[in-house]
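Participant: Residue numbers (our numbering): -18 to 144. By construction, the Cβ of each residue, glycine as well, lies at the ideal position given by its N, Cα and C atoms.
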Amino acid sequence: MTKMNDSLFSAVVTAPFGRMGIRVEDHHLRELVYLPPTFALRTPTDALSREVAAQLKAYFKHPDFTFTLTIPEVGTAHQRKVWTQINAIPRGEVLSYAQIARRIGSAPRAVGQACGANWYPLIIPCHRVTAANSIGGFARHDGGFHQQVKRWLLRHERVPGYC
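What follows is the structure, given as structure tokens:
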């Protein structure tokens, strides 16, 4: 593992689709990152990283697992509105960018941008937001690894059409 990677994450754990990077700073969870399977694992360096890793593992085993992690209030007012709507989507269901936009008086593109700015994927399940007629983008990517992650998450959560 390179020094850059050592400094980025407090832990890198195995996920069914690859890896998850966990970044903790000043005893607060700062970010979760989807990583490809080639990314080197890193044992959690502190108690919070260990707890995050344990909760991620529980979610990967059981899609109905409820995260109990405290996350700091981050983002713009608009992003927080979008994330609140995303948090209300039950497991096994999706909403489109346009549906969320109508609910908060926004535009679908702005909803997509807020989804891409989500620092806490899985805790704020932005994978439950799709385009009106397709899976849509994911984590600011339109294909490849991130699209595969989104498909895995939707299958894991038993979303009709993705199972």
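#1: Helix, strand or coil: how does DSSP classify THR(-5) here?
#2: For THR111, which option in GLY93, HIS43, THR57 has the closest C-alpha, if you only look at C-alpha atoms?
#3: Spatial neighbours of SER30 within its chain, please: C-beta separation below 7 Å, excluding the five flanking residues on both sides.
#4: Measure from the C-beta of LYS38 to each C-beta in chain D and report whether the shortest distance is under 9 Å.
#5: Once the 5 residues before and after PRO102 are set aside, which same chain residues still bring their CB inside 6 Å of it?
#6: Are PHE48 and GLN36 touching if we call contact CB-CB under 9 Å?
#7: My output table needs one value for PRO102: the three-state DSSP class, helix, strand or coil.
#8: Suppose only complete runs of 3+ residues qualify. What are the beta strand (DSSP E) ranges in the stretch 23 to 98, listed by chain order?
#9: With a CB to CB cut of under 7 Å and the five nearest residues on each side skipped, what residues in its chain are close to ASN99?
Facilitator: Walking through what the data contain:
#1: strand
#2: GLY93
#3: The answer, listed in chain order, is SER(-9), ALA(-8), ILE3, VAL5.
#4: Protein chain content of the structure displayed is limited to a single chain, and chain D is not contained in it.
#5: These residues qualify, in order along the chain: LEU13.
#6: yes
#7: Residue state, collapsed to three classes: strand.
#8: none
#9: TRP64, ILE105, CYS107
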